[in-house]
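Okay, so the sequence shown: first residue is 15 according to the working numbering, each after it adds one.
Just so you know, even glycine gets a beta-carbon here, dropped at the ideal spot from N, CA and C.
Worksheet: the structure to be examined is printed underneath.
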Amino acid sequence: MIKTDILIIGAGPVGMFAVFEAGLLKLRCHLIDALPQAGGQCSEIYPKKPIYDIPGFPEVMAGELIDNLAEQIKPFEPTYTLGERAETIERLEDNSFVVTTNRGTKHNAPIIFIAGGLGSFEPRKPPIPNIKNYEDNGVEYIIRDPEIYRNKKIVIAGGGDSALDWSIFLTNIASEVTLVHRRNEFRGALDSVEKVSELYKKGKINLITEAEVKEINGDLKVESLLIKHKTKGDIVKETDHFIPLFGLSPKLGPIANWGLEIEKNAIKVNNALDYQTKIPGIFAIGDVNTYPGKLKLILCGFHEATIAVQYAYNIIHPNKRYVMKYTTVNGVTGFDGETKKAEAAVVKSIT
15 MIKTDILIIG AGPVGMFAVF EAGLLKLRCH LIDALPQAGG QCSEIYPKKP IYDIPGFPEV
75 MAGELIDNLA EQIKPFEPTY TLGERAETIE RLEDNSFVVT TNRGTKHNAP IIFIAGGLGS
135 FEPRKPPIPN IKNYEDNGVE YIIRDPEIYR NKKIVIAGGG DSALDWSIFL TNIASEVTLV
195 HRRNEFRGAL DSVEKVSELY KKGKINLITE AEVKEINGDL KVESLLIKHK TKGDIVKETD
255 HFIPLFGLSP KLGPIANWGL EIEKNAIKVN NALDYQTKIP GIFAIGDVNT YPGKLKLILC
315 GFHEATIAVQ YAYNIIHPNK RYVMKYTTVN GVTGFDGETK KAEAAVVKSI T
């Protein structure tokens, strides 16, 4: 039985940052993740994707963000169960929980943080009859290594943040970038839409709106696409790669059967107080939760983790109170006794 103060299900950026906030309160954390490494989607799906809305970083690669978080939480010695999925949960007489994975590993903690992001996921694929024939032969649903597109012609389809961000990023790598979207309006951030518009005006991106990719052609790999335009009819576009970025289809998996309140494949929480679920002692933070006004942003997940840890401390130590200090004054002291400076709040326990 693995015992800890806070058991975190999901080792993505929000789950990792929860370790830091918990460590400041001298609470130990153990993380479970179905992936073989920490970092969630940032490590598994788009480690080379640039992120622009992390405070203090005008631009940071997703993989670099994970590396920085791993360094930040190192003083607090988190432990991991990786490559295993949290399967069942049981409440004991002392009100603590036992979570068992699909491989039978048992974990015991008084507090559970569900930080599973979008849960398990698979890419949404466009309804093109022969698309499976070209998967890994010019069709990619996830960009893991941008270098494979060096000096290649690429076509990206989609109208959200991923399609916009990758179109912008790959203009400096690919020989030609074409973005296809079925509408004139995009769903992504306004700043990204404006950047794509500027790149289009400068001739660095081909922009085809009110259109959809209907066919893929080529002998052994992608050679061209048939794009059907709303008013101009059929357009044949030669390309080396077709990258449909229509988002991920998320699934909560076994967690959906834990008796939590679920709304649109997300876990409802009390955001007015502590991000706790309907089950006392179980919190949900990051993209996996939902509440009025919810924004699925990493930085919002960081905030949720910070607040949730404060209330978790009160549950674990009901007879203690604390006063807030700042790490710019006290530094960050890990479990090994080493002190470092950091820009975050630290809590000092007072019996």
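Which of the three DSSP states, helix, strand or coil, is assigned to residue i?
i	result
K228	strand
E121	Residue identity differs from the one stated: residue 121 is His in this sequence, not Glu. The answer is strand: DSSP assigns H121 an E or B state.
N279	coil
L106	coil
K251	strand
F34	helix
G348	coil
V236	coil
H331	coil
N271	helix
F297	strand
I156	coil
L313	helix
I23	strand
E318	helix
F183	helix
Y305	coil
E98	coil
K88	helix
A171	strand
N284	strand
L266	coil
E161	helix
L193	strand
Can you check which of these residues, the options, is closest to residue i by C-alpha distance?
i	options	result
Q324	E58, I125, L234 and E104	I125
R197	T347, S176, D179 and A171	A171
H317	P27, E226 and L96	P27
P141	F260, R105, G37 and Y163	F260
T253	L193, W272 and G273	L193
H255	E35, R164, T102 and G131	R164
R99	V113, I281 and I65	V113
I182	T18, E154 and K216	K216
L79	Q55, K278, T102 and G37	Q55
A25	V207, L184, A123 and A129	A129
E190	I222, K278, P160 and K218	K218
G247	V227, I187 and D233	V227
I230	G53, V153, P332 and N122	V153
T18	E161, I330 and R335	I330
W272	P258, A298 and I257	A298
V302	I312, K292, I293 and A280	A280
G131	K334, G267 and P294	G267
T245	E224, I257, L262 and I187	E224
Rounded to the nearest angstrom, what separates residue i and residue j at their Cα positions?
i	j	result
I296	F127	6 angstroms
S176	A48	23 angstroms
D108	L96	27 angstroms
A356	G345	Low per-residue confidence applies at A356: pLDDT is 41, beneath 50, and the placement is therefore not dependable enough to give any value.
I364	G37	Because the pLDDT at I364 is just 38, under 50, the model does not fix this residue reliably, and the value given afterwards should be weighed accordingly. Looking at the two C-alpha atoms, the distance is approximately 16 angstroms.
G13	M15	A question about residue 13 goes unanswered here, because the residues of the chain that appear run from 15 up to 365.
R158	A76	11 angstroms
R138	H243	22 angstroms
I269	I22	13 angstroms
V210	L178	7 angstroms
I65	V74	5 angstroms
T119	F31	24 angstroms
N321	V250	Residue 321 is actually Ile in this sequence, not Asn. Each residue's alpha carbon lies about 53 angstroms from the other.
H121	N82	27 angstroms
V169	S206	18 angstroms
L313	T304	15 angstroms
Y155	N147	14 angstroms
G300	S57	16 angstroms
Q86	F34	7 angstroms
G315	G29	9 angstroms
A319	W180	28 angstroms
L221	L184	14 angstroms
Does the structure place the region 228 to 242 close enough to the region 67 to 77 that three or more beta carbon pairs sit under 8 angstroms? no
Is the number of C-beta pairs between the region 277 to 286 and the region 302 to 312 that are closer than 8 angstroms three or more? yes
Is there contact between the region 91 to 105 and the region 41 to 52, where contact requires at least three CB pairs shorter than 8 angstroms? yes
Segments of 4+ residues assigned as alpha helix (DSSP H) that fall wholly inside the region 41 to 65: 54 to 58
What are the complete beta strand (DSSP E) segments, minimum 3 residues, inside the region 201 to 225? 220 to 223
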